[in-house]
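Written below as structure tokens is the structure these notes are about.
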Amino acid sequence: MARKKILVLTVDYDDDLYQKTKIKGPLIGREENLKGAQELAIADPQDSDSNTMFQAIKICDELSKQKNVEAEVATITGDKKLGFKADSELNKQLELVLTEVSPDSCVFVGDGASDEQILPVIQSRIKIESVKTVTIKQSKELEKTYFVILEKLKDPHYARMILGIPGLLLLSFFLFNTTGLRYALGLIGIYLIVKGFGIEEKIIEFTKNTLNVKNIKSIFTIASIPIFIIGIWLSISVLVNSLNDVPFYSALGQMLNQALTLIPLGILLIIIGGIIEAFKENKKIELFDYANKITMTLLVWLFLSATGGWLVGNNSFETVITDLFLSILIITCTSFLFSSLKHTSLNEIKLIGKDVFNKYGHYIGKITIQENDTIEVKNSSGKYLRIPIEKIDFNETIVVAQI
């Protein structure tokens, strides 16, 4: 009976291993991981990553004692900036580990802090049999809270939020009294929304992946940014100026009507840039998606326009409901139509043998089977991965959009 090969994997998402010991990932094998864990524990005894690595080594030793099981331990590292850069580095190192070890499945060992970001990346490459969360035993929690806060304040990321925001509030109140405080609160509100909803990381990822002056779509996207800024600014100005004269709901309707004069134009400009780029790069299969986006933009504009008219008293509520149902019906029908046309076109293209890359540009493998709704990809480790056909972008190669 063939021995089952299991990879015991742990992840240092913020790359503390390199920041504190100058040891670069990935670490493959018991000796490398033991050395890395020991040096990290010496450099920072409070770091949970060293405990996670020790736990991974222990699990690997236990699995190795079982019959018909061959276990190997590995640690991959991300980046101190987290987000897109960390995910990209994890993808790169994970591919190296899977190529060298060629495991059948994986046991993931984490500390629970960033498992939600890490697990999808790993699951897209290999089957995870078990997830082990390492919890560090603590005593006198309240007494240690003070030292935890001090440790966090050494990190510029936390220092900006814990010290920077209150500092801005106090300075604004001192210099400008209540007026300055109002503007400061507005800026802080925007900052908290950006951080809370992860908009910052999305903007960084969008900028790195999309904006390129050599790309026609990027030029149109850059051109649309002033339109969005002006549209949002004018909308807020209309709302603020109207609040003194009309009820809030009427002022909200005026703001909505103002927003609909420019913001949809910015969206359509981006879509037009994408259409031109698709023709230029011979990605005609993408035209179905862009046609669907244009339809959705126009119908959403129609519904919001009717809503704005109702709020200011120009439309009846029945008109809003009618436009809503018509928009939902047309969007559903057109989405189904364009999706069917795209599937039909993709099935007419011979994809078998084409190279497959993920959205970060990392090689995944080659297409071995093409079916109506899925493709099957064989990666460098000899494993097979099935991908829904709607998640791919076709050109000379295949780019997997959501993996």
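For the sequence shown, the numbering used here begins at 292 and goes up steadily by one. Even for Gly, the Cβ is constructed at its ideal location relative to N, Cα and C. Owing to the predicted nature of the structure, the values given are computational and were not obtained by experimental measurement.
Here the region 310-324 does not lie against the region 407-427, with fewer than 3 beta-carbon pairs under 8 Å apart. A distance below 7 Å between beta-carbons, with the five flanking residues on each side excluded, links Ala332 to the following residues of its chain, in chain order: Ser341.
By DSSP's assignment, Lys657 forms a beta bridge with Asp646 and Lys669. Using a Cβ-Cβ distance cut-off of 8 Å, the region 602-611 and the region 536-546 are in contact, since at least three pairs of beta carbons, one from each stretch, lie closer than that value. Taking all protein chains shown into account, Phe579 has 16 or more neighbouring C-beta atoms within 10 Å of its C-beta and is therefore buried. With respect to the 7 Å criterion, Asn573 and Phe629 are not classified as neighbours on the basis of their beta carbons.
Of the candidates Ala597, Leu589, Ser415 and Lys315, the residue whose Cα lies closest to the Cα of Asp614 is Ala597. Per the DSSP secondary-structure output, Thr301 pairs in a beta bridge with Thr366 and Val400.
Under a 10 Å Cβ-count criterion, Asn382 is classified as buried, with 16 or more other Cβ atoms of the shown protein chains found around its own Cβ. When the five nearest sequence neighbours on each side are left out, the beta carbons in the same chain lying within less than 6 Å of the beta carbon of Asp307 are those of Asp338 and Asp340, in order along the chain.
Judged by DSSP in its simplified three-state form, Glu361 adopts strand. If you look at Leu676, you'll find it in the beta strand (DSSP E) that goes Tyr675 to Pro679. For Lys371, the closest of Val398, Lys311 and Pro538 by C-alpha to C-alpha distance is Lys311.
The beta carbon of Lys571 sits closer than 7 Å to those of Ile507, all from its chain and outside the five residues before and after it, given in chain order.
In terms of Cβ geometry, Val299 and Val392 do not form a close pair [threshold 7 Å].
For Val398 against Arg294, the beta-carbon gap comes to about 16 Å, at or over 8 Å, which does not count as contact. If you draw a 10 Å sphere on the C-beta of Tyr540, you find fewer than 16 other C-beta atoms in it, and that means exposed. Under the DSSP assignment, Ser341 falls in the alpha helix (DSSP H) whose first and last residues are Ser339 to Ser355.
At least 7 Å separates the beta-carbon of Thr366 from that of Thr424. Ala334 and Asp303 have their C-alpha atoms spaced approximately 15 Å apart. Bounds of the alpha helix (DSSP H) holding Lys311 are Asp307 to Thr312.
In this structure, the alpha-carbon of Phe608 lies about 47 Å from that of Leu373. Only residues of its own chain outside the window of five on either side were considered, and among them Thr301, Val400, Asp402 and Val425 have a CB closer than 6 Å to the CB of Thr343, listed in chain order. In this structure, the straight-line span from the alpha carbon of Gly644 to that of Ile510 is close to 34 Å. With respect to Ile621, Leu590 sits close: the two C-beta atoms are nearer than 7 Å. Straight across, the Cα-Cα distance linking Leu617 with Ile683 is about 30 Å. Only buried fits Gln549, as 16 or more other CB atoms lie within 10 angstroms of its CB.
If you draw a straight line from the Cα of Phe375 to the Cα of Asp536, it is about 46 Å long. Residue pairing by DSSP places Lys376 opposite no residue, since no beta bridge is assigned to it. Residue nearest to Phe594 within the set Ile585, Thr610 and Ile348 is Thr610 (criterion: CA-CA distance). Counted as a single uninterrupted DSSP element, the alpha helix (DSSP H) harbouring Val603 occupies residues Leu578 to Val603.
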